[in-house]
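As given, the protein sequences belong to chains A and B, one line each in that order.
Residues are numbered in the working numbering as their position in the first sequence, beginning at 1, plus a constant of 184.
Residues are numbered in the working numbering as their position in the second sequence, beginning at 1, plus a constant of 12.
For each residue, glycine too, the CB sits at the ideal point set by N, CA and C.
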Amino acid sequence: MRRLRILFLALLVLSTAAAWAEQAKSMSVNVKEAQVRATPSYLGKVLGTLVYGDQVQVLETQKDWMRVNAPAKGLSGWLNQSALTAKKVVLSSGSETAGQNASSGEVALAGKGFNSQIEAENRQDNTFDYVTVDRMEKIVVAPESVSAFLQQGELAAAKGGAK
Amino acid sequence: MNSLKRTALALLVGAMPFAAAAFDFGKALQSATGVSDENAQAIGQAAQAVSKSSEDITPEQEYYIGRAVAAKLLSTRKSYENQAATDYVNLLGRSLSIYSDKPETFGGYHFLILDADEINAFAAPGGLILITRGLLRCAISEETVASILAHEIGHVAKQHGLKAIKKDRLNKALIGVGSAAAQVLGPQELKEQTATFKDSVGDITGTLVNSGYSRDLELEADKTALDNLRAVGYDPRSLEDMLKVMEKKLKAGGLDFAKTHPDPKVRIAAIEKALTGKKPPAVSPEAAAARQARYKAALGNI
């Protein structure tokens with residue numbers, strides 16, 4: 185009887201641990217800005233934006249898309265999995281986004297190498313044209329334009345559902 | 013207390029240390045050995061970080077490398093100022109990238125036309141893609157322009173640029189010296205890291221401009237392009253059409269695309285093999301005409 189009870193106890197502890205792991209499926213935003221959408225598609229309505237390092241809870245997965253909840257931002261909706269990582273994002277010391285959730289113990293490797301502090305230094309070298317790069321990065325294509333473009337050309341959108 | 017309650021209590025009490033051990037194992041180890049947080053981290057790193065590869069580059073680091081690569085290329089090349097043409101390649105590029113292997117990069121995909129007659133294109137890591145007017149003049153349709161962009165998106169999605177960085181630079185940049193947890197680099201460290209950064213950027217621009225990627229990476233970018241074109245609904249054979257035009261226009265021993273890319277014949281053969289037995293997607297005459305009209309309007313006089 186006692187053995188049975190120990191076995192029962194061990195099983196329960198294990199299943200509790202499993203349930204905890206299941207519940208804690210959290211991921212981090214792995215890009216500068218990630219648009220949360222109403223549907224699992226790049227053509228879906230944008231509900232809001234998350235930034236690099238923001239943590240989300242994954243509620244559901246559909247192909248390449250994940251329905252997530254970001255309680256800190258009061259946002260819930262779909263993100264493409266390429267915008268997410270299972271690793272905890274460690275914000276680099278030189279990063280514009282640094283400071284929000286980086287403790288000194290976590291900064292680690294990110295303080296090294298290729299970051300905005302290095303870029304600031306590099307900008308003083310006039311063999312780099314960062315002005316045109318900044319201009320290039322400002323080019324943003326609206327989802328409605330993509331939808332209309334695909335529809336008119338009888339491309340993906342017209343054939344039902346974007347990736 | 014009945015037996016059920018006792019079991020529940022035993023369960024709770026019994027589960028607690030398990031949970032605690034699971035959560036705080038690292039901390040417990042630290043306090044038991046007297047190793048500080050930072051030192052534990054540093055020890056962990058030293059043990060792991062014997063040698064770094066391009067896989068260890070984070071998306072954010074890739075972004076800063078890509079910006080520098082594009083900035084370097086743009087310092088000696090002029091951009092082509094034509095809003096309609098720029099908008100069109102960005103709209104087409106965006107339509108392709110959202111159906112690619114890697115729809116999101118840290119800073120996203122952006123496309124720029126270079127005001128140059130040479131036949132060339134460059135994909136900087138992270139998605140900054142430069143295409144010359146000369147290359148766009150080889151195109152004959154929206155589909156053929158799409159095939160160029162899809163090939164370049166393939167280089168970005170497969171992170172080919174990062175693979176060009178020499179290993180010792182990655183070791184220097186990603187392992188580094190001194191205190192790993194330093195919040196801001198000191199003057200000496202900053203100087204060294206900036207030098208390593210420039211050298212890494214030079215490895216990539218050197219590959220893009222002079223030596224080119226290996227034949228395997230080029231064929232991989234072609235294969236990715238075929239999948240991407242098909243996913244959007246374009247006929248993947250447009251890449252073959254594009255290469256056939258280029259084959260005629262490129263001069264052997266030329267200084268541009270011919271120098272950094274495998275012979276179009278080799279690429280065409282691989283594409284034909286990959287597409288054997290595959291039917292082109294159907295398109296109505298109206299949609300085909302609409303595609304051709306918008307291509308002409310944007311790039312007809314490029």
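Below 8 Å, enough C-beta pairs join the region 299-318 of chain A and the region 71-87 of chain B to call them touching: three or more. Using a C-beta cut-off of 8 Å, the region 259-274 of chain B makes no contact with the region 177-185 of chain B, since fewer than three inter-stretch Cβ pairs fall below that distance.
For the region 316-345 of chain A, the set of residues with a beta-carbon nearer than 7 Å to any beta-carbon of chain B comprises Thr316, Val317, Met320, Glu321, Ile323, Val325, Ser329, Val330, Phe333, Leu334, Gln336, Gly337, Glu338, Leu339, Ala340, Lys343, in chain order. DSSP, read as helix, strand or coil, puts A/Arg221 in strand.
B/Thr206 reaches chain A at Ile302, Glu305, Asn306, counting residues in chain order whose Cβ is nearer than 7 Å. Taking a Cβ-Cβ threshold of 8 Å, none of the residues of chain A is close to B/Gly198; the smallest such distance is about 11 Å. In terms of Cα proximity to B/Thr70, the closest of B/Leu186, B/Ala80, B/Lys170, B/Asp129 is B/Leu186. Residue pairing from DSSP leaves B/Gly139 without any beta-bridge partner. Residues Leu238, Leu241, Arg242, Leu287 of the same chain have their beta carbon placed closer than 7 Å to that of B/Pro248, with the five preceding and five following residues left out of the count.
Between the region 260-268 of chain A and the region 213-231 of chain A, the count of Cβ pairs shorter than 8 Å is three or higher; the stretches touch. By the neighbour-count definition (other C-beta atoms within 10 Å, threshold 16), B/Asp215 is a buried residue.
Look at B/Thr117: its C-beta is under 8 Å from a C-beta on chain A. The continuous stretches of alpha helix (DSSP H) do not include B/His122, which lies in the beta strand (DSSP E) extending over residues 122-126. What B/Phe134 touches in chain A, judged by beta-carbon distance under 9 Å, is nothing: the nearest beta carbon there is about 12 Å away.
Here the C-alpha atom of B/Glu284 lies approximately 8 Å from the C-alpha atom of B/Glu252.
Distance from B/Ile131 to B/Met258 at the Cβ level is roughly 7 Å; contact confirmed, criterion being Cβ atoms closer than 8 Å. Here B/Pro199 is exposed, its C-beta having fewer than 16 other C-beta atoms within 10 Å. Rounded to the nearest whole angstrom, the C-alpha separation of A/Ser331 and B/Gly173 is 31 Å. Inside the region 251-312 of chain B, DSSP marks whole alpha helix (DSSP H) runs of 4 or more residues at positions 269-272, 276-287, 297-311, from first to last along the chain. Any Cβ of chain A closer than 8 Å to the Cβ of B/Arg249 would place that residue at the interface, and such an atom is absent. Looking at the DSSP output, A/Met250 bridges to A/Thr245, A/Leu263. Counting along the chain, B/Leu148 sits inside the alpha helix (DSSP H) bounded by residues 145-150. Residue pairing by DSSP places A/Leu268 opposite A/Val213 in a beta bridge.
Within 10 angstroms of the beta-carbon of B/Thr88 lie fewer than 16 other beta-carbons, which makes it exposed. About 29 Å separates the beta carbon of B/Glu164 from that of B/Ala207, a gap too long to meet the 8 Å contact definition.
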